[in-house]
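A.B. asks:
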């Protein structure tokens, strides 16, 4: 029997960061699903650069011991696991313009899911409906982790 295709998903940066820093919880489970190729992470260079910048912040370096080498390895691993797309920046739907690129990445990468904890996204009926019309389900990290646990 052929293996199931991985679920395509855009995962909000803060969830990826949490999954990289903590070995437990829904965020870590999502990252493990990406590593095991049960979930195909849709990303862009700007998205991966943002993760790199966050991990470079002094509080992360000091608290979690994120060295330059470890940071580079983490980002390189994400590059190998992700499907890269390049948002144009022309999409303007979200109340917070910084969230528009997540929606655009979901469309460009033909995602089945956009995973977030951001109430601005999750509770905006217009964005939820727009994504649904394009075949993308906007879900909370816990919901997506439970879904992945069933496949």
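Numbering (the numbering used here), first residue to last: 2 to 152.
Even for Gly, the Cβ is constructed at its ideal location relative to N, Cα and C.
Taking its Cβ as the centre, do 16 or more other Cβ atoms sit within 10 Å of residue 23, making it buried, or is it exposed?
C.D. replies: exposed
A.B. asks: Thinking just about the alpha-carbon of each residue, which of 19, 43, 63, 33 is nearest to the one in residue 10?
C.D. replies: 43
A.B. asks: Given residue 99, which residues of its chain have a CB within under 6 Å of its CB, disregarding the five upstream and five downstream residues?
C.D. replies: none
A.B. asks: Short of 7 Å in beta carbon distance, which residues of its chain neighbour residue 152, apart from the five on each side in sequence? Order them along the chain.
C.D. replies: Answer for residue 152: 5, 39, listed in chain order.
A.B. asks: Assuming residue 118 contacts residue 16 under a Cβ cut-off of 8 Å, what Cβ separation, rounded to an integer in Å, is found between them?
C.D. replies: 7 Å
A.B. asks: Might you give, ordered along the chain, the residues of its own chain that have their beta carbon closer than 8 Å to the beta carbon of residue 143, omitting 5 neighbours on each side?
C.D. replies: So the list reads 27, once near-sequence residues are dropped.
A.B. asks: From which residue to which residue does the alpha helix (DSSP H) around residue 92 run?
C.D. replies: Unbroken run through residue 92: none, as it is neither H nor E.
A.B. asks: Reducing DSSP to helix, strand and coil, say where residue 11 ends up.
C.D. replies: strand
A.B. asks: Would you say residue 101 and residue 93 are within 8 Å of each other, going by their C-beta atoms?
C.D. replies: yes
A.B. asks: Please classify residue 43: does DSSP put it in a helix, a strand, or coil?
C.D. replies: strand
A.B. asks: Starting from residue 116 and walking both ways along the beta strand (DSSP E), at which residues does that stretch end?
C.D. replies: Where residue 116 is concerned, the enclosing beta strand (DSSP E) stretches over 114-117.
A.B. asks: Using the DSSP secondary-structure output, state which residues sit across from residue 140 in a beta bridge.
C.D. replies: 116
A.B. asks: Can you say whether residue 72 is buried or exposed, counting buried as having 16 or more other CB atoms within 10 angstroms of its CB?
C.D. replies: buried
A.B. asks: In terms of DSSP beta bridges, what is residue 85 paired with?
C.D. replies: 44
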